[in-house]
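J.: Residues -19 to -1, 1 to 252 (mature numbering (1 follows the signal peptide of the UniProt record, and there is no 0)) are what the sequence shown spells out, left to right. Each residue gets a CB set at the ideal place from its N, CA and C atoms; glycine is no exception. Quick caveat: nothing in here was measured; it's all calculated off a predicted structure.
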Amino acid sequence: MHLTIVAAALASFALGASAQSKVTGSSAQPCPNPPNNATVQAYVDIEVTDTQATLFRDDARAEFVLAFPGSNGTHDSLTDYAFLPIPYRPEQCPGCAVHVGFYVAWTSAADAVRAQLDAALAARPGYGLVLGGGSLGAALANLAFAELRADPRYVGLVRAVYNSGQPRVGNQAYADYVDALAGASDTAAGIFHRTTHADDGVPQMPPVELGFRHSGTEYWESEMEATAATTYRCFGQEPDDCNLSQESGGQFINDAHTSYAGYETATCSGS
């Protein structure tokens, strides 16, 4: 399933880059169709924050895949580096704070995403929902999960999250909140899967010194050429024997960040 989400996030990136109505690729972004013959259900594009999301329908699995693409352009870079933490839903999550750039981007798209989800789920009773994204898109998927999973209308429909190269999104209280929603603990992996790759520097940002902390559960692709045999489940929120054991060389967006699960995120090539 992780490959499905990686491909879906890449296809969502292609939609934003080529402004096509369906994912067939383009000369600029030759991204593959998502696996399992998934089709595009809806596309959301919020110009004011340059935030995109694509809703795919996977009939083989009877589920929808909500995918968020990574950074693409100056506005996204400004979003990434807006590190200031702001309070997050204090009535639901006391003491929680999140990255202001990520939060503004997600909330700008939230109503449109919910409208598309509601219409899609009404047309396909019994279908579930899987979320995912890469890099900036992973941060948005994290916030989308926290909101949807806490909503009684969606709690039973959200099946899993598969993120790759996700930066830290919130503080300790927020990380604990996400873990509780996901059912993650030292003994249980839960439904939130946060994949890291080798020495990718993006999961090491924003710094813990600013109060940010990851939630679980991390899956570390330890080698540049990722395989199942070299991918490990890591324990805890900030395991020091997985991605954090690697020095990024001062470059947050490095070679490891541009490849996940065999897909080159910059060129969309892969198997």
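(1) So, helix, strand or coil for Phe49, using DSSP?
(2) Could you check whether Thr176 and Glu202 sit closer than 8 angstroms to each other, using their CB atoms as the reference points?
(3) Looking at C-beta atoms only, is the number of pairs between the stretch 72 to 82 and the stretch 91 to 111 that lie closer than 8 angstroms three or more?
(4) Less than 6 angstroms between C-beta atoms, sequence neighbours within five positions excluded: which residues of the same chain meet that for Ala170?
(5) Please state the DSSP three-state secondary structure of Arg95.
(6) Measuring only the C-alpha atoms, how far is Glu245 from Ala100?
(7) Comparing alpha-carbon positions, which option in Gln232, Tyr213 and Ser229 lies nearest Cys223?
(8) In or out: Leu65 buried (at least 16 other Cβ within 10 Å) or exposed?
(9) Helix or strand or just coil, what does DSSP make of Gly189?
(10) For the stretch 81 to 165, which segments carrying the beta strand (DSSP E) assignment without a break, of at least 3 residues, lie completely within its bounds, in sequence order?
(11) Determine the burial state of Gln187: buried for a count of at least 16 other Cβ atoms within 10 Å of its Cβ, exposed for fewer.
(12) Name the residue from Glu206, Asp221, Tyr200 and Thr32 whose alpha carbon lies nearest to the alpha carbon of Val94.
(13) With 16 other CB atoms within 10 Å as the buried threshold, where does Glu128 fall?
(14) Would you mind sorting Gly137 into buried or exposed? The rule is 16 or more other CB atoms within 10 Å of its CB.
(15) Below 8 angstroms, how does it come out for the stretch 107 to 122 and the stretch 152 to 168: are there three or more Cβ pairs, yes or no?
(16) Under 8 angstroms, do Ala90 and Val21 count as touching if we go by C-beta distance?
(17) Would you kindly report the start and end of the unbroken beta strand (DSSP E) that includes Asp26?
(18) Return the CA-CA distance between Leu191 and Ala210, expressed in angstroms with no decimal places.
(19) Using a threshold of 8 angstroms, state whether the C-beta atoms of Val81 and Val150 are closer than that.
(20) Return the bridge partner residues of Leu225 from the DSSP annotation.
(21) What's the C-alpha gap between Ala34 and Asn144?
(22) Straight-line CA distance for His178 to Ser240?
(23) On the criterion of 16 or more Cβ atoms from any shown chain inside 10 Å, does Ala96 qualify as buried, or is it exposed?
(24) Give the secondary structure of Thr35 by DSSP, where H, G and I count as helix, E and B as strand, and everything else as coil.
(25) Tell me, please, which residues DSSP counts as bridged to Ser240.
T.: If we stick to the structure as given:
(1) strand
(2) yes
(3) No, the stretch 72 to 82 does not touch the stretch 91 to 111.
(4) Thr198
(5) helix
(6) The C-alpha of Glu245 lies about 33 angstroms from the C-alpha of Ala100.
(7) Tyr213
(8) exposed
(9) Correcting the residue type first, residue 189 is Val in the shown sequence and not Gly. Of the three classes helix, strand and coil, the one that applies to Val189 here is helix, per DSSP.
(10) 109 to 115 and 139 to 145
(11) First, the residue type needs correcting, since residue 187 is Pro and not Gln in the sequence shown. That one is buried.
(12) The shortest C-alpha to C-alpha distance from Val94 to any of Glu206, Asp221, Tyr200 and Thr32 is the one to Thr32.
(13) buried
(14) Answer is exposed; the Cβ neighbour count stays below 16.
(15) no
(16) no
(17) Segment Thr20 to Ile27, the beta strand (DSSP E) holding Asp26.
(18) Computed Cα separation, rounded: 35 angstroms.
(19) no
(20) In DSSP, Leu225 forms no bridge with anything.
(21) 14 angstroms
(22) 8 angstroms
(23) Looking at its Cβ environment, which holds fewer than 16 other Cβ atoms inside 10 Å, Ala96 is exposed.
(24) strand
(25) Glu245
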